[in-house]
Structure formats: C-alpha cells, structure tokens
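In order, the protein sequences belong to chains A and B. The opening residue of the first sequence carries number 1 in UniProt numbering; numbering runs sequentially from there. The opening residue of the second sequence carries number 1 in UniProt numbering; numbering runs sequentially from there. Glycine residues also receive a C-beta, built at the ideal position from the N, C-alpha and C atoms. Comments concern the structure below.
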Amino acid sequence: MMSVTTSQAVQRESWDGDTPASGRLLQPGLDVTHGQILYLDDISVSFDGFRALNRLSLSIGVGELRCIIGPNGAGKTTMMDVITGKTRADSGSAFFGQTINLAQHSEAEIAQLGIGRKFQKPTVFEAMTVQENLELALAGPRSVWASLRARLTGQQRDRIDELLTLIRLGEQRARQAGLLSHGQKQWLEIGMLLAQQPQLLLLDEPVAGMTDAETEKTAELLLTLKGRHSLMVVEHDMDFIASIAGKVTVLAEGAVLAEGTLAQVQADERVIEVYLGR
Amino acid sequence: MQTALSLRLAHRIGPLPLKLAGAAILALLLAMPALHVWTDPASSLHVSAYTLTLVGKILCYAIVALAMDLVWGYTGLLSLGHGLFFALGGYGMGMYLMRAIGHDGNYQSELPDFMVFLDWKTLPWFWQGSEHLAWALCLAVGVPGLLALVFGWLAFRSRIKGVYFSIMTQALTYAAMLLFFRNETGFGGNNGFTDFKRILGYGIAAPGTRATLFLLTVLLLVAALAAGFWLVNSKFGRILTAIRDAESRLMFCGYNPLYYKLFIWVASAMLCGLAGALYVPQVGIINPGEMSPANSIEIAIWVAVGGRGSLIGPVLGAGFINAAKSWFTVAFPEYWLFFLGGLFIATTLFLPRGLLGLLRRHKEKA
C-alpha cells in the first residue's frame, strides 16, 4: 500500500496539482511503483513501407489526463492500436505498469487487464438498449459459461445507475442505442469503458461531432475521471484541449515532436511548422 | 431484471392473436399423427402417409432453419454449408437403418447391399457399432459437431468472416459431396442409402412408426425453439448480437469472440445433425445430393424470407417456402426456381425483416 500512496503523491506534484479523487486507482497485480502506468519505448510500425510509427517513446503517469494532438497521419490511431493489441509493433516495447508486456496479450486480454478504448467513430451495440450495452461492458467474468448463467446482482444494478447518471443517459436507459444522437452514443461508449473499470482509458476524438454544449459536458466528465483513471485523449478541437489538458504531446510522422503544456507546445516553432508550414 | 425479462417475453411472443395462432398450429401438428393412425383412410379427417411425411420433412427443415438463424441472424455468420451438417446427421441415422435391414436386402447378406455390390467382405471400421441406434444417434450429432468444432476453430481463430467465411463453408459442403459420391468412401456412393425396412424392429412405413417419428420431430422443434429462446434472451445471446453488430467493440470490452462463435456454431451444427437423423427415416432416403451447395443456399433463403434475427421467422420461412415448393413442383415444375429466386430478391428489396417483419409491421400499424 505504501507504494500506492507514494506514487499518487509523486503524481500530484509532477503536473498540474489537481487533487486526485480517491477510488480504484490501482488493481492488484498492476505494478506502478514508478508512478507511470504506460510506457511506450522506441516503437516502430510500418504498413507496406509506410512508417506509421517511427521510434515512438511515450509514457503516461498514474491518474494523468494526457492529450495527444498531431496532424492527420501522425500515427495517433496506430499508437492506440499498438497499445490495445490490434496492431503488433515491428520493434520496441509497450508496457502496462512495470511488468505487463502488452505485446504478449490479445485485444480481449488487454481490455481485461484494464485498458479501455473508445473508437474514433462511436461504436455501441445498436440493437440493444442503453442499459444492456452497459451490462455487457460491466467488469466481470468473460467466459461463455458465465454468460449463460449471468444474472444482474444488486450491486451491478447500482453501478449501472451510477454510470447512467454520470453519462447523463438516465432517461434513455430503455432506449435502443441505435436511436441515440451522435453525442449520446459517444457518451454511452465512454460509459461502457468506465463499466469495465479500466485503469487507463484511451479516447480517440471523444468530442468529434458534438455540439458545443455537449463538448463542454464531456470536458466536465473527463475532468471528474482524471485522478481516478489515467486517460489518453486524442483530439483536434483545441478549445476542448485547452479546457481539460494538463500536459499535451504532439505527434508528427510517427514520433513525439513536442511535449508540455498547451501554451508551450503552441509556441513551439516545430509544432507551428507541422501544422501550418506545408 | 425479472420484469424486464417478462416484458421482453411478451414482446417477443407477441400479442394474443399470434399466441393463439401458435397454439392452434401446435395443436394441429400434434393431432396429425393421431389422425393418421386412428382414422379410417376413407374418412375425410384422415391424414395420408404422404401428407404426414411431407409435413414431417418440412418440420425437419424448420429445425435446420432455426439452427441456421442462430449463427446467421443472431451472430452474423452466413453459413452456406449448413446442408452438410444436416446430411451428416442423416447419414449417421442412415447407417443404422441400413444395418437394420439385416438379411432382407437384395443380396440377403449381413452387409448392406452396396457393400456386397462393391465386393467388400467385411464392414469398414467406421461402420462398427452402427447396428445400435444409440451409437448411430451419437454419430449423427457428434460427427457434425466435431467437424464444426475443427472447422470453426480454424476459421474463427484466423478471424475469417463475412463473405470469405461463407465461401469456405460452401467449399466445405461441396468437397464433402464429392467425397460422398465416391463408392470407396463407404457410404453408398451416389445412390446413398435407401430401401430401409425397419427401425428398432418396427416397420419403417408402419403408421405407428410414421406417427412416432413425426411426433419426435414436433418435440424437437418445440424444444429447439424453447432452448433458442432461452439462449438468445440470456447474456450469451446479447453477446452474439454484439458480435454481429460490433465485434471489435466487444473485443475491447474484454470478450474473446472466438469461444462464443465456436459454441453457437457447434450447437447449431449438432442441431442440424439431429434434424437430419429424424429426416432420413421419414423420407426413406439419404444421398450426397443433400450436400450440394444449392441445398445450403436454399436454407439461407428460408431464413431470409422468414425473417432472420427472430426465432419464429426461420420456422415460418422454411414452412412457407417448402409448402410452396411442393405445390409448385407439381403444378408448374419448370417455374419453381424462378419463383424462388424472385421471392428472394423481393424479400431482400422489400422485406428486410422477412415475413415476420411483415406480420410485426401490421401489428405496429394496428
């Protein structure tokens, strides 16, 4: 337990000083003694000769909310694919905590280990109700046998209620997910990630296609998650990033170009060049 | 959850008129064998052997359609090889029926006629034990199940899906058909098995036997519907539709779709095998023609026309198309395939949810 407290303390000092809310920051088995939850080291990925990731190194701290920006083709989505096991790196390593080598696990296993991912295009199970979507995502056994015998416990029902309130879909719970608005689907997908109780959330363009009001509410939601979970957010909307970001990482051509606060990276000559200079 | 489930039940089964219609059909099906056995052939209430066999055959098809729908309608895996599992089940039962002929064949030999014809002196090893009905039933269910397990494991592990999966299943049934056409394979070549005499000592064409086989088919269909209903309304069933609609989302929720697909795929194949085992003693013949790719495609058409993604739909579809087929092939034999093709196109264009969708739409309007 000692190490947990220390790492939280370290974390708190190391960036913007927000008080991390208490909660399930750590699950047994995940070693984050150095305060980092994700390490990407020297990762390269090529598709038919195109280098999508070029010796990328990056790490995310426990409880941190990190924003990733970069022009199209910078490798943002490929990086998420590598972390979640969808794509295998040609070289380099990806570690979850100190000890879990992500290259050795399948997508489903990585999700069970505690990494949740939201897709660029909101992806929910459209034929099911909002509540059923959350039920499927709830943390728990994932075997065929368990699914045949599954019954919701009171505790799980409470958890679903809690999530529905959090993602503001309480009144839509019995509605078919396919009938939700675009922004509501984004929220539902975020709710499904949270239902898995992940320690690290990867969000690919969570506010794409949202109205300003929805964007604002999403920013609020992510800020409440910060500290309880570690988050990596890929976005293009700079106003949104300004409203949530502590630390921003700029990717370009498959590698980290700059890292710092939003103001710092926006002032960086090289960053201005990749965004405007072509 | 309890209320949600009962609400869902009410929603799925539908309103009172539909329930009554279902009960009436079931009562009729249960009455048919009784009318066959206990009424005088001259009476207007008498159900002829022809009718009983025809309806029994269609009920077997309905079970296959249901099994197909579990993998296609619910899980999104379009199999164009389900006829193979059905035929294998039929062959399993056929082996027993051939052995039960005993010395009453044309050659009065202990061996089935086709083996005598091929000048074989002993039973091949895979025919051992086939004189027992219980073992034949094990084969009828186990062989399709095992084949589905091996094929499914390889295909799903390699993440083969969509049209590639369909083509592979089609190739599988075609290859099996060619294999079974060969005399050396040991299943009667292109003639298959026929001229059955008896089952468990009872005459295969006796009214009592026909009625019993018919009743067993009705029971299997009802049991399959009940099991299917329970399955698709469980969490397992929702995971199946999740595989169909957003498989990658499901994977990133921590589920490995492999085992779910494999489970329903194997269960579906085994159900087809059982249906095949009930089909063969009723129609009295099984040959490799049952494995032809066209047969498997027809199964998919039953499901599409009836309405995939529902349990009643495929049963309706199989019933409707096969009833139409038996009428058409007598009245206008040369136009049947045009009608079938036209029906399929019309369903795809105008009735994406099939006949059941049509019924439900009327209900919703009312």
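Segment limits, alpha helix (DSSP H) that includes A:D239: M238 to I244
Which listed residue (B:I299, B:Y279, B:F263 and B:L20) has its alpha carbon closest to that of B:W153: B:F263
Sequence-distant residues of the same chain with beta carbon closer than 8 Å to B:G105, five excluded per side: P112, D113, V116 and D195
Cβ pair count under 8 Å reaching 3, the region 205-216 of chain A against the region 176-190 of chain A: yes
Which of helix, strand or coil DSSP assigns to A:R88: coil
Pair within 8 Å by beta-carbon distance, B:I101 and B:L220: no
Interface residues of chain A facing B:A49 [CB-CB closer than 8 Å]: Ordered by position in chain A, no residue passes the 8 Å Cβ test against B:A49, which lies about 41 Å from the chain.
Exposed unless 16 or more other CB atoms sit within 10 angstroms - verdict on A:H229: buried
Alpha carbon of B:N190 to alpha carbon of A:L102, nearest angstrom: 54 Å
CA-to-CA distance, B:G142 to B:W127, given in whole angstroms: 15 Å
Residue 281 of chain A - containing beta strand (DSSP E), residue span: Residue 281 of chain A is absent from the structure shown; chain A starts at 1 and stops at 278.
Per-residue DSSP class, three states only, for A:S147: helix
Chain A within 8 Å of B:G254, Cβ atoms only: yes
Proximal chain A residues relative to B:I239, where beta-carbon distance stays under 8 Å: L136 and S147
DSSP three-state assignment for B:A23, whether helix, strand or coil: helix
Residue burial classification, B:G176 (beta-carbon count within 10 angstroms, cutoff 16): Looking at the sequence shown, residue 176 of chain B is not Gly but Ala. Its Cβ being crowded by 16 or more others within 10 Å, B:A176 is buried.
Stretch pair the region 126-140 of chain B + the region 236-256 of chain B: three plus CB contacts closer than 8 Å: no
Status (buried if at least 16 other CB within 10 Å, exposed otherwise) for B:G342: exposed
Rounded straight-line distance, which links the Cα of A:V124 to that of A:L56: 30 Å
Proximity below 8 Å, CB of A:A139 to CB of A:Q196: yes
Alpha-carbon spacing of A:A150 relative to B:W230, whole angstroms: 12 Å
Of the residues B:A223, B:Y107 and B:F156, the one placed nearest B:W265, counting alpha carbons only: B:F156
Boundaries (first-last residue) of the beta strand (DSSP E) holding B:F328: First-last for B:F328: I312 to A331, but that is the alpha helix (DSSP H), not the beta strand (DSSP E).
DSSP three-state assignment for B:G307, whether helix, strand or coil: coil
Local Cβ density within 10 Å of B:R361, reported as buried at 16 or more and exposed below that: exposed
Partner residues on chain A for B:Y335, Cβ-Cβ distance less than 8 Å: By Cβ distance, chain A contributes nothing, its closest Cβ being about 38 Å from B:Y335, past 8 Å.
Interface residues of chain B facing A:E132 [CB-CB closer than 7 Å]: R238
B:G228, DSSP secondary structure in three states: helix
Under 9 Å by beta carbon: chain B residues contacting A:E126: D245 and A246
Endpoints, the alpha helix (DSSP H) within which A:E259 is located: First-last for A:E259: A255 to G260, but that is the beta strand (DSSP E), not the alpha helix (DSSP H).
Beta-ladder partner(s) of A:M232, from DSSP: A:R66 and A:L202
N- and C-terminal bounds of the alpha helix (DSSP H) containing A:F50: Not the alpha helix (DSSP H): A:F50 falls in the beta strand (DSSP E), residues F50 to G61.
Exposed unless 16 or more other CB atoms sit within 10 angstroms - verdict on residue 368 of chain B: Only positions 1 to 366 of chain B appear in the structure, and residue 368 of chain B is not among them; the question remains open.
Close-in-space but distant-in-sequence residues of the same chain around B:A269 (CB under 6 Å, 5 per side omitted): F85, P144, G145 and A148
C-alpha gap between B:A136 and A:G49, whole angstroms: 56 Å
Any C-beta of chain B under 8 Å from that of A:M192: yes
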